[in-house]
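In our numbering, the protein residues as written are 298 to 646.
Even glycine gets a Cβ: it sits at the ideal position worked out from N, Cα and C.
Computed from a predicted model, the values in this text were never measured in an experiment.
Here the structure comes first, spelled out in structure tokens, and everything after it is commentary.
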């Protein structure tokens with residue numbers, strides 16, 4: 298049996314939360330004296346604006362509409378004062394920020410949020426969705442099927458990450474016990490590509506918006522659109538307090554994101570959108586251009602990515618709950634209603 302990267306996943310998840318809470322509280326306390334984040338609103342005119350503190354859990358090209366709204370001033374024009382805090386510690390740090398009440402809204406994979414809801418680490422729900430199922434399974438050259446991953450080493454962005462949970466669900470569905478592979482942390486998107494290319498790992502999960510790069514590096518053994526495990530890729534989550542006391546501001550936020558995605562889809566704005574994507578995500582211009590090409594084409598992106606409503610795919614969330622339950626047993630008792638608030642965006646894309 299292979300040695301799983303997350304054999305000790307349950308105690309380690311809980312142990313991580315307290316130090317991260319302390320770190321986030323300290324960093325955001327310093328931000329009050331000299332902001333460590335950025336704000337799309339005017340500090341002098343913020344009194345009349347709806348204030349939202351947003352936690353960018355893991356900067357990604359998929360959030361290009363958000364970055365465009367931030368850097369092009371769309372939030373400010375809509376009367377929103379959005380302060381952005383970027384978290385490099387992954388899901389734990391961003392969710393910890395929500396737990397302290399320091400962050401109102403965060404972006405991330407639904408499985409991360411579902412796990413922490415199951416463990417009662419935070420109080421909040423998913424209320425919007427930026428992207429549908431977008432993970433391709435990329436394997437090293439010479440590997441042509443999921444079955445051939447048995448006994449191999451698979452690279453992920455981190456323990457209990459959305460990509461790791463997705464890969465576990467895929468392996469299980471296609472007949473490979475996740476215990477029969479070894480998961481290792483392989484870093485960022487570029488680092489994971491390098492690990493597959495160099496042979497350090499034999500497979501990883503990457504966004505289909507990077508497929509041209511994937512095909513140069515290895516073999517896509519399962520395309521996102523062909524996968525039986527259709528788990529949403531990027532969702533937005535808000536604290537219960539924000540959902541209860543500021544629904545109008547959250548609706549306004551979603552409205553700006555819908556408009557921003559349409560703005561980014563226009564050829565006349567492509568250069569500016571790419572620049573916004575680079576600045577916000579830290580990705581290369583090539584990655585940003587490919588993301589825009591895919592996500593602005595409904596035939597390639599699917600109906601849940603940058604949709605006309607940014608509604609939540611509840612069927613996809615149900616699958617995300619099942620996938621998370623393989624890692625976090627407490628998630629088995631959750632319903633979609635426990636993790637999703639559909640009152641703001643509905644359920645139709």
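Compare the C-alpha of residue i against each of the options and name the closest.
i: residue 576; options: 349, 352 and 369; result: 369
i: residue 459; options: 642, 625, 631 and 641; result: 625
i: residue 414; options: 470, 537, 491 and 442; result: 537
i: residue 377; options: 550, 570 and 403; result: 550
i: residue 346; options: 445, 543 and 447; result: 543
i: residue 408; options: 470, 393, 620 and 633; result: 620
i: residue 609; options: 423, 359 and 560; result: 423
i: residue 446; options: 644, 456, 364 and 434; result: 434
i: residue 628; options: 615, 639, 439 and 638; result: 615
i: residue 455; options: 355, 594, 562 and 645; result: 355
i: residue 505; options: 563, 363 and 588; result: 588
i: residue 519; options: 565, 436 and 613; result: 436
i: residue 564; options: 533, 484, 590 and 613; result: 590
i: residue 470; options: 448, 348, 450 and 444; result: 444
i: residue 394; options: 375, 419, 489 and 556; result: 419
i: residue 526; options: 640, 477 and 612; result: 612
i: residue 357; options: 472, 473 and 486; result: 486
Which value, in whole angstroms, describes the spacing of the CA atoms of residue i and residue j?
i: residue 309; j: residue 383; result: For residue 309, the predicted model reports a pLDDT of 35, less than 50, meaning its position is unreliable; a value from the coordinates is still stated below. Each residue's alpha carbon lies about 23 angstroms from the other.
i: residue 636; j: residue 411; result: 6 angstroms
i: residue 509; j: residue 541; result: 43 angstroms
i: residue 431; j: residue 598; result: 8 angstroms
i: residue 324; j: residue 353; result: Unreliable placement is indicated for residue 324, whose pLDDT of 46 sits below 50; no coordinate value is reported for it.
i: residue 524; j: residue 467; result: 8 angstroms
i: residue 480; j: residue 498; result: 9 angstroms
i: residue 453; j: residue 475; result: 13 angstroms
i: residue 622; j: residue 579; result: 32 angstroms
i: residue 642; j: residue 351; result: 18 angstroms
i: residue 568; j: residue 554; result: 18 angstroms
i: residue 531; j: residue 417; result: 21 angstroms
i: residue 441; j: residue 617; result: 26 angstroms
i: residue 421; j: residue 604; result: 23 angstroms
i: residue 573; j: residue 366; result: 9 angstroms
i: residue 401; j: residue 535; result: 6 angstroms
i: residue 428; j: residue 359; result: 7 angstroms
i: residue 601; j: residue 406; result: 14 angstroms
i: residue 502; j: residue 638; result: 28 angstroms
i: residue 595; j: residue 562; result: 11 angstroms
i: residue 583; j: residue 463; result: 25 angstroms
i: residue 426; j: residue 607; result: 5 angstroms
i: residue 644; j: residue 548; result: 14 angstroms
i: residue 398; j: residue 348; result: 14 angstroms
i: residue 491; j: residue 484; result: 10 angstroms
i: residue 552; j: residue 373; result: 13 angstroms
i: residue 546; j: residue 528; result: 27 angstroms
i: residue 585; j: residue 380; result: 23 angstroms
i: residue 439; j: residue 558; result: 38 angstroms
i: residue 404; j: residue 592; result: 17 angstroms
i: residue 482; j: residue 461; result: 9 angstroms
i: residue 450; j: residue 478; result: 6 angstroms
i: residue 581; j: residue 507; result: 11 angstroms
i: residue 495; j: residue 533; result: 35 angstroms
i: residue 634; j: residue 560; result: 32 angstroms
i: residue 516; j: residue 488; result: 17 angstroms
i: residue 514; j: residue 556; result: 35 angstroms
Starting from residue i, trace the beta strand (DSSP E) both ways and give me its first and last residue.
i: residue 352; result: 347-353
i: residue 629; result: Per DSSP, residue 629 belongs to no beta strand (DSSP E) and is neither H nor E.
Name the two residues that bound the continuous alpha helix (DSSP H) containing residue i.
i: residue 433; result: Not the alpha helix (DSSP H): residue 433 falls in the beta strand (DSSP E), residues 432-436.
i: residue 567; result: 567-578
i: residue 548; result: 544-562
i: residue 407; result: 407-415
i: residue 617; result: 611-622
In the DSSP assignment, what are the bridge partners of residue i?
i: residue 637; result: 423
i: residue 452; result: 481
i: residue 604; result: Beta-bridge pairing links residue 604 to no other residue.
i: residue 596; result: Partner(s): none; residue 596 has no beta bridge.
i: residue 403; result: 352 and 534
i: residue 444; result: Bridge partners of residue 444: none, in fact.
i: residue 428; result: 531
Inset, instruction - Scan the segment 460-542 and note each continuous alpha helix (DSSP H) run of 4 residues or more that stays entirely inside, going in chain order. - result: Listed in chain order, the alpha helix (DSSP H) elements of length 4 or more contained wholly in the segment 460-542 are 486-495, 508-514 and 537-542.
Inset, instruction - Kindly provide the ranges of any beta strand (DSSP E) runs that are 3 or more residues long and lie completely inside the segment 362-401, ordered along the chain. - result: 377-383
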